[in-house]
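For reference, the structure discussed in these notes is given below.
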Amino acid sequence: MRIQCLALEVGFQREWRKFNFFDLRQGVDKDKVSEALQGATITATANGNTLIVICDSNGYIHTFSRTWSVISFRGHEGSILLCDISKQNNLLVTVGEDINGPSYKVWNLSKLSAANGAQCLRTVRTMVSVPTALAVSEGGQFMAIGFAQGNISLYRGDISRDRSKTLKQLTAGTSDIVGIAFKHCHKHTQMFVCSNSGVYLYNLQSRDKEVRVILATMKKPVCCCALQTGHNEGHFMVGLDDAVYCYTSDGRGPCYALEGSKTLLHWYRSHLLVVMRNPRSPGGFNLTVIDIQNKFIVFTTPIEEVSAILTEFGTCYILTNNKQILHLDEKDLQSKLNVLFKKNLYDIAVRIAKCNQYDAEGLAGIFKQYGDHLYSKGDFAGAVEQYAKTIGYLEPSYVIQRFLDARHIHFLTDYLQTIHAQGRATADHTTLLLNCFTRLDRTTQLKEFLKNDQKSNLFDIDVAIKVCRDASYVEEALQLAKAHRKHDACLSILTEDMGQHEEALSYIESLSCAEAERSIKRYGSVLMAHCPTRTISLLKKLCTEYASNRNSTQARDALTVADIMSDLNLHGSDEQGQASGGNPEEFIHLFDDTELLIDFLEHLVQFVPSSSQCVYSTLIEHYLYKWKESPAVEEKLLDLLKYNTNRYDKNHALAQCRVHEFWAGVMYLYEEDKLYHLIIRHYLRHRQYENLVASCRKLAHNNASLWLLALNGLKNDAQAPPHLFNQVLQVISQKRLQAPLQVLDCLAVENGPTFLSVKEYFMQVFQKEQDTIRSEEEMARTYREESIAIKRHIKHLQEGNVEFQNTTCDACKQPLSMPALFFLCKHSYHQDCIRSYTDTERDCPVCNKNNMQMIEALRAQSEARDQHEMFHDLLDRSPEPFSVVAEYFGRGLFNKLLIVEEGDPHMEISEQPKQQAEKAKPTSALAPSVPYTGTNTSYGAGAEARLRQEEGRSGQMRIEAQESEMRLRLAEQERIRQRQQAATIVQQQMKLRDDRSPKMQSPYGSPKPAADSSKQLNPFEKSTKLVSAKDIAKIPIASTAARNPFDEDEAPDYDNTKNPFDEGGVASQAKTQSERPAAKNPFEEEYDSKLDPFAE
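Just so we're aligned: 161 in the UniProt record's numbering is position 161 of the sequence shown, and the numbers increase by one with no gaps anywhere.
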């Protein structure tokens, strides 16, 4: 061992490099330490938890903070020999001399105060031997005190409690204990012990059990020791006169030769601070700082005798025996590096930067400077090695520019290979590297570079293929393209460099459908020029069978054109029509031959009917190129236009047909777009008269004005045959498209047709007009005769006598008996019979239905007056608007209408002139019924007039009770009529008709029959003849009311004052009303006048 140590000592003496990376400053405490200690001697020190503890020979404990403010208190009666701090518990342990002998005390530094100092938690007497070493674990679970002659007192448990400590005595040799240190492992604690006898390791595994391991035995006295914490934790350093030895739990480690007697060892970060005597100056000392990791001295300086080294507050302080605090200040990293750069010690700079965890960019800067240094010295290989470490941070062009010289091309190749190995190569780097290979004629190395699959992702494949092609390495480029599935590059090599077009088609067929489609788009023109048949076959397969498999996303990439072509032989042509193509219009530009393109497009149209408009339009265009040469093409073109109407652009097809003068297609497209006038103009322009007439006959059902257009075009054509005019004019006459005068005005132009060509038409017109005149004159004569007969009948009803000769009841067919009802229509009924079929006695049951139909017809005519939109619509649609107006005049729809129903107290009115205030009866009104009284005054001359007067008196008695109510209702009705429009009036009339007051039961009649009596057969329906509203509407309506035959001036018993509509009689009516007896009210027993809202 001695021989090995000497060898190491000699080796390290030669290898030690010295630098000045630290500065030593004085007066950092402003002499506060010396003021606190005064004349006492420093005996022990400790630091931890932002406190520095200094103990003196007088038994005082001095604590200093970061600002060097001091708190002093007495700890022991005598001198304090040893002290240490448990950092986790913030407990201070001191060993000193007291009255009863040596003892140790535990102080609580958490409750430190300037007045009372620290609280003493525990005091325990120790062995009588002199204590030489003290160590407390960080957690406070272990404490060891070393004594002379190798004795050790080990305490287990919480040191702050009296009864938690377990004392055990250990022995480590026979010499004094120099130092003790605890190292915490995962599950146990290790205790290093150093004495002049040797170095020992105790494994404190379990309670009251320690395993001792002898790490080394010493033959020389041990000066000092220290355990490293933090960086490289676990290195227990032992200082001897010849060297500093390192021990770990595994045994002895490296030793560092350093001649001199060591007095103190201490760790500061990764540096070992050694205080030893200066052999050249007796009584002097040297402070040496060693960088253990990099193995060189970073600071050395003469110093006074050192009492302790304290590392606290993130820095290092040195306490001398003269009670001075020296600050060991480490220079910043950049200053260290600058020192090394000046000495060109780049390797050491790199190591220091790595130890200080310098960032990668900073290290790259050091490597760059190192490479520049080596390059300047001519060490190009070393420079490339350093430059390679800057990849990713230093621009490669900086290095490449330095090695572009032909003499350095092999160094450049190495650098470029390194760039590719790290995956940071660009296309330019790959190009440059491959050019270097070709320049150096390293064919083998080039092939290995290209064939290595692991390096395929380290360079740009496309650039490599390009460089190989430029350097005539076509085979290597093709293999590289196939290996990496660069289809464009592979096809480019096959078609351009090697001219193997058949091989290129085979390669495309082996691709997936998507890749094959992209490839054929790019290289289809070249392949079409050299292999047209096979290329067209491939295009057909791509456009027809490819789309059926495109929807399968999982198998799309694996599906190839070759698979599709093999499937064609199995499935046949039935499934071909079901597959939908891709984008065949993208392949149209590949064709130069019209015949080949037509064949391709016909295949698409046949098997892919849903192709785009571009496909159909292109096929139509190329058909037009060939239609004059082949009749079969013309037939195909017409079929394509007819049966694929919605699949091509009609405007484009029409333009193409006009350009190529394909008039059959033009006429078809005109007809599809309903441009019939253009068809007529075409035939007129080209004088195709037979086609003109045929087109008019065919298309006139959609647009009859085509005949007029044809006539207008023929009138200016001098070559038009005369019979053509007759054909056109006959159709115009039959369809009544134009009046003869308009036709004549149209033909009367200069250089127009002769009268001979249109003579037959006008002869027929004149003959037809004469027949119409004779027919209308005969109809007018008939209407006059009927009008005269109706007027005579009306006059007879008004002025003459009506004789009733009916002796049987028209309801029951039994002989009439009194009471009976007689109507002017010559119908007679028993009063009980008529009540069985109707609620009123004023209408004849037989004639009522016809009368109501006539009234409804009149209402319909009244409503038609307000339907202006319907009238204008008829005018627009009618070929003869004048006849519509004449019909409205003839039906009296432009006149104001008055409808009054006799016996209706509400006086239902449709339209009444404002100046007309007297009552009016329609010509179709029937005579009211007359009850038979049984007296002889009902017979003889003037019997009917007397009966009417008597009826008026009885009716007047019934009306008197309701006169006021009727006047109010009539006034209200007049106001409503003035506010509402014509359509609203009609609706209100129907509502008033439905809301009429109940008819008063006649005092002469029998009770109303039961409800089941309505089920009996109505005898009047047999003789009832229904008249339609249309026929009734044609009856002329008088604008004024007919004269009342009973309204005679000579009637002696008629009192005009009882007329509620007489303006002059209203005043006198109120005067005489009280003098007359009131009419008998059949509902008198149930009537309460207080509930009448109109009662005064």
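Glycine included, each C-beta is placed from N, C-alpha and C at the ideal position.
Model, not experiment: these values are computed from the prediction.
Taking the beta carbon of residue i as the centre, do at least 16 other beta carbons fall within 10 Å, making it buried, or is it exposed?
i: K18; result: exposed
i: L753; result: For the sequence presented, residue 753 should be read as Pro rather than Leu. It counts as buried.
i: residue 1097; result: Residue 1097 lies beyond the residue range present for the chain, which begins at 1 and ends at 1096; the question has no answer from this structure.
i: N151; result: buried
i: F299; result: buried
i: S110; result: exposed
i: F142; result: buried
i: K1025; result: For K1025, the predicted model reports a pLDDT of 40, less than 50, meaning its position is unreliable; a value from the coordinates is still stated below. The residue is exposed, with fewer than 16 neighbouring Cβ atoms inside 10 Å.
i: P221; result: exposed
i: K1071; result: At K1071, the pLDDT of 38 sits below 50, so the modelled position is not reliable; the number obtained from the coordinates is stated separately. Exposed is the call here.
i: G800; result: exposed
i: C833; result: buried
i: H868; result: exposed
i: H862; result: Reading the sequence as shown, one finds Ser at residue 862 and not His. Buried: at least 16 other Cβ atoms inside 10 Å.
i: K389; result: buried
i: M237; result: buried
Among the options, which has the Cα closest to the Cα of residue i?
i: Y689; options: D745, A704, S281, V728; result: V728
i: K466; options: H589, L432, H868; result: L432
i: residue 1102; options: S472, C614, S137, T443; result: Past the edges of the chain, shown from 1 to 1096, lies residue 1102, and the structure says nothing about it.
i: K642; options: F607, Y670, R25, V244; result: Y670
i: A655; options: K626, K636, S617, R835; result: S617
i: D639; options: Q606, A216, N356; result: Q606
i: S878; options: N806, Q738, S836; result: Q738
i: L684; options: N703, C657, G713, S695; result: G713
i: R407; options: L440, H682, R424, Y387; result: L440
i: A144; options: D84, Y268, N100; result: D84
i: Y60; options: Q88, T94, V28; result: T94
i: L264; options: L258, C223, V633; result: C223
i: Q324; options: D673, K32, A789; result: K32
i: Y415; options: A383, T444, Q445; result: A383
i: Y625; options: Y648, E661, V615; result: E661
i: L511; options: T533, H487, R522; result: H487
i: Y202; options: K219, F182, N196, S195; result: F182
i: E515; options: Q764, L363, R534, C490; result: C490
i: F591; options: S537, S611, E635; result: S537
i: K30; options: N58, S69, W16, F725; result: S69
i: Y761; options: A694, I773, I794, F725; result: F725
i: N819; options: E803, E841, Y247, Q798; result: Residue identity differs from the one stated: residue 819 is Pro in this sequence, not Asn. Here the closest residue by C-alpha is E841.
i: D649; options: D673, E634, S630; result: D673
i: F889; options: A864, A216, T41; result: A864
i: E602; options: A664, L539, E629; result: L539
i: V743; options: G284, G283, L480, W707; result: W707
If contacts are defined as beta-carbon pairs under 8 Å, then residue i and residue j qualify, I think. What distance do you get, rounded to the angstrom?
i: I493; j: L478; result: 5 Å
i: V106; j: S160; result: 6 Å
i: H271; j: V289; result: 5 Å
i: E138; j: Q88; result: 5 Å
i: C468; j: L505; result: Wrong, their Cβ atoms sit about 24 Å apart, outside the cutoff.
Mind checking who residue i pairs with in its DSSP beta bridge?
i: Q190; result: K183, N203
i: S153; result: I145, Q169
i: C224; result: G239
i: M276; result: K262, N286
i: C812; result: BP columns for C812 are empty, so no partner.
Taking CB distances under 8 Å as the criterion, tell me whether residue i reaches chain D.
i: R835; result: The question asks about chain D, but that chain is absent: this structure has only one protein chain.
Closer than 7 Å to a non-hydrogen atom of the ligand GDP - does that hold for the CB of residue i?
i: S612; result: Of ligands this structure carries none, so the ligand GDP is not represented either.
- Item | the region 830-848 / the region 868-883 touching (three or more Cβ pairs under 8 Å) | no
- Item | Meets three-Cβ-pair contact criterion under 8 Å: the region 45-64 and the region 308-316 | yes
- May I ask you to verify whether the region 68-81 touches the region 327-337, counting CB pairs closer than 8 Å and requiring at least 3? no
- Report yes or no: do three or more beta-carbon pairs, one from the region 496-510 and one from the region 525-540, lie closer than 8 Å? yes
- Message: Three or more C-beta pairs under 8 Å: does that hold for the region 340-350 against the region 51-60?
- Response: no
- Query: Any contact of the region 112-121 with the region 170-184, i.e. 3+ C-beta pairs under 8 Å?
  - Reply: no
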